[in-house]
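The sequence shown begins at 1258 in the working numbering and counts up one residue at a time.
Below is one structure, written out as structure tokens, with a few remarks after it.
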Amino acid sequence: MTRVLSCVQPTGDVHLGNYLGAFRNWVSGQHEKDVFHGIVDLHALTVTEVPGVVGATTIDLAAILFAIGLDPDVATVFVQSHVPEHSQLSWVMECTVSYGELSRMTQFKDKTAKRENKFISAGLFTYPALQAADILLYDANEVPVGDDQRQHVEITRDIAIRFNHRFGETLVVPEAVIPAAGARVMDLQNPTSKMSKSDSTGAGCVMMLDDPAAIMKKFKRAVTDSESEVRYDVEAKPGVSGLLDILAAATGQSPQEAAEGYTQYGSLKVDTGEAVVAMLEPIQTRYRELIDDKAELARLLAVGAERARTVASVTLQRAYDAIGLLPA
Ligand code: TYM
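Structure below.
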């Protein structure tokens, strides 16, 4: 059976980009494939300096993941720090990736540029090694992610291939699975940048838990251009194309099909906002029910961690054995 692994960082509220680029596809495969989804709290430590914050966002994110429809009977949802094998394999991965490869990661360059005058942890640099461990521990065949994670999956493949070359066939080489629509949801105020919890002005980022009025307001204020023709053209019309991408992803069409029939930006904005509200409202309702029962969420995460460890511990031992570490 195809094994799937993908993760999300608990670094603040999750947004429409996370949903359309990743979460939605996590749910759609869960009954045909063996799926593992992690809330990667150790990754969040690369930028965390205040006590107590990561734990709170982790439980919140767990409620969202079950609210989008991940079924705890079939999907393994776990917290990264509950599965110590992630940190253990991460060191092996750090020793299998080069300084040069890590230096070329665009996310490292972007993130450090944005943290000018702030503390830049070594973890921000070695981050892809931990991500490789996340993926390779589960023998994942597929990694459903948004377009911004393509390079991280590529480096994971390179690390796995290098490990196998050095120590013999041990790790499964994964493939990134990027959705046809919604792979790169753009900021509504700054449509040449991807929607992101860290760089957005707030007005350009639609949070999954925004109420319908806030969502409509953000869409109505979306930046477009001084023309009035509704046409999908990412270079010339990034704002309009960003809206069409979202409308297409929410309604199951191509962006070109979504553009048909529109002669004004105003109605495109309203329809896109309404499609997003309709898509998110049932998730928000389920989230409100789930977040009220934190004990049940903690129980589900404990079950997830147990299942995750069953798989991860075997892979870690296989890697140690392949290297030839002295058995304990
Ligand atoms: P993170 O937490 O930033 O995002 C989680 C998922 O959301 C996708 N995404 C987007 N998709 C479309 N448009 C956007 N604007 C947008 N913004 C975010 C991301 O591509 C991702 O799929 N490094 C990862 C977390 C991670 C991981 C892993 C992912 C750690 N280990 C192992 C997969 C496998 C990250 O920071 O994602």
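Every residue gets a Cβ at the ideal spot worked out from N, C-alpha and C, and that includes glycine.
These numbers come from a predicted model, not from an experiment.
### Message
Between the alpha carbons of I1377 and A1319, how many angstroms are there, rounded?
### Response
Locating residue 1377 in the sequence shown gives position 120, counting from the first residue. Locating residue 1319 in the sequence shown gives position 62, counting from the first residue. Cα to Cα, I1377 sits roughly 28 Å from A1319.
#### Entry: Simplified DSSP state of G1269, which is helix, strand or coil
Your numbering for residue 1269 matches position 12 in the sequence shown. Three-state DSSP puts G1269 in coil, outside helix and strand.
### Task
Out of I1416, V1304, S1455, point me to the one whose CA is closest to V1271's CA.
Numbered from 1 along the sequence shown, position 14 holds the residue referred to as residue 1271. Per the Cα distances, S1455.
### Query
So which of T1383, E1486, A1460 has the shortest CA-CA distance to S1344?
Working through the sequence shown from its first residue, we reach residue 1344 at position 87. Nearest option by C-alpha distance: T1383.
### Message
Using the three-state DSSP reduction, which class does L1583 fall into: helix, strand or coil?
### Response
Position 326 of the sequence shown, counted from the first residue, corresponds to residue 1583. Three-state DSSP puts L1583 in coil, outside helix and strand.
#### Entry: CB of L1557 within 8 Å of CB of F1293, strictly
The residue given as residue 1557 occupies position 300 in the sequence shown. The residue given as residue 1293 occupies position 36 in the sequence shown. It is not a contact, given that the beta carbons lie outside the stated cut-off.
### Query
Mind checking whether the beta-carbon of A1515 lies closer than 7 Å to any heavy atom of the ligand SAH?
Although the ligand SAH was asked about, the structure shown includes only the ligand TYM as ligands.
### Query
How far does the beta strand (DSSP E) with E1306 in it reach, from first residue to last?
What you label residue 1306 is simply residue 49 of the sequence shown in a count that begins at 1. Element bounds for E1306: n/a, residue is neither H nor E.
### Task
Tell me whether C1352 counts as near the ligand TYM, meaning its Cβ is closer than 7 Å to at least one heavy atom of that ligand.
Residue numbering aside, residue 1352 sits at position 95 when the sequence shown is read from its first letter. No, Cβ of C1352 sits at least 7 Å from all heavy atoms of the ligand TYM.
### Query
If you scan the stretch 1329-1382 from start to end, which runs of the beta strand (DSSP E) of 3 or more residues do you find wholly inside it?
1333-1336
### Query
H1294 bridges to which residues according to DSSP?
Indexing the sequence shown from 1 puts residue 1294 at position 37. Per DSSP, S1263, V1334.
### Query
Exposed or buried, which one is Y1228 when buried takes at least 16 other CB atoms within 10 Å?
The shown model of the chain, from 1258 to 1585, leaves out residue 1228, and the question about it has no answer.
#### Entry: Length of the line joining the Cα atoms of T1520 and E1486
Here residue 1520 is taken as the residue at index 263 of the sequence shown, counted from 1. Here residue 1486 is taken as the residue at index 229 of the sequence shown, counted from 1. Computed Cα separation, rounded: 6 Å.
### Message
So if DSSP puts M1464 in a beta bridge, which residue, or which two residues, is it bridged to?
### Response
Start at 1 with the first residue of the sequence shown, and residue 1464 comes out as number 207. BP columns for M1464 point to H1272.
### Message
If you follow the beta strand (DSSP E) that E1399 is in, where does it begin and where does it stop?
### Response
Here residue 1399 is taken as the residue at index 142 of the sequence shown, counted from 1. Its beta strand (DSSP E) spans residues 1399-1401.
### Task
Run the CB neighbour count on A1585, radius 10 Å, all protein chains shown included, and call it buried at 16 or more, exposed below.
Looking up residue 1585 in the sequence shown gives position 328. Classification for A1585: exposed.
### Query
Does any CB atom of chain B fall closer than 8 Å to the CB of F1280?
Among the chains in the structure shown there is no chain B, since it carries only a single protein chain.
#### Entry: Length of the line joining the Cα atoms of P1469 and E1538
As a first step, residue 1469 must be located in the sequence shown, where it is residue number 212. As a first step, residue 1538 must be located in the sequence shown, where it is residue number 281. Approximately 8 Å between the Cα atoms of the pair.
### Query
Quick one: what does DSSP say E1486 is sitting in, helix, strand or coil?
The sequence position of residue 1486 within the sequence shown is 229, counting from 1. In the structure shown, E1486 sits in coil (DSSP, three-state: anything other than H, G, I, E or B).
### Nearest-angstrom beta carbon gap, T1481 and V1497 [assumed within contact, 8 Å]
Looking up residue 1497 in the sequence shown gives position 240. Looking up residue 1481 in the sequence shown gives position 224. About 5 Å; that satisfies the 8 Å criterion.
### Task
Determine, using beta carbons only, whether Y1544 and I1321 come nearer to each other than 8 Å.
Counting from one through the sequence shown, the residue named residue 1544 turns up at place 287. Counting from one through the sequence shown, the residue named residue 1321 turns up at place 64. Yes, the pair counts as a contact, with Cβ atoms nearer than the cut-off.
### Cβ-based neighbour list, P1431, same chain, cut-off 8 Å, excluding 5 preceding and 5 following
Numbered from 1 along the sequence shown, position 174 holds the residue referred to as residue 1431. Taken in chain order, the residues that qualify are L1262, I1392, L1393, A1397, N1398, E1399, V1400, V1410, T1413, R1414, A1417.
### Query
With DSSP run on the structure shown, which of helix, strand or coil describes V1442?
Position 185 of the sequence shown, counted from the first residue, corresponds to residue 1442. If DSSP states are grouped into helix, strand and coil, V1442 belongs with coil.
### Message
Just checking L1262 against the ligand TYM - is the residue's beta carbon closer than 7 Å to any of the ligand's heavy atoms?
### Response
Locating residue 1262 in the sequence shown gives position 5, where the first residue counts as 1. True, at least one ligand heavy atom lies under 7 Å from that Cβ.
### Query
Three-state secondary structure (DSSP) at A1535?
On the sequence shown, residue 1535 is found 278 positions in, with the first residue counted as 1. In the structure shown, A1535 sits in a helix (DSSP, three-state: H, G or I).
### Message
Would you say the beta carbon of D1391 is closer than 7 Å to some non-hydrogen atom of the ligand TYM?
### Response
Within the sequence shown, numbered from 1, the residue matching residue 1391 stands at position 134. Because some heavy atom of the ligand TYM lies under 7 Å away, the Cβ of D1391 counts as near it: yes.
### Query
Sorry if obvious, but does the Cβ on M1452 come closer than 7 Å to a heavy atom of the ligand TYM?
Stepping through the sequence shown from its first residue, residue 1452 is reached at position 195. It does: the Cβ of M1452 is within 7 Å (strictly closer) of some heavy atom of the ligand TYM.
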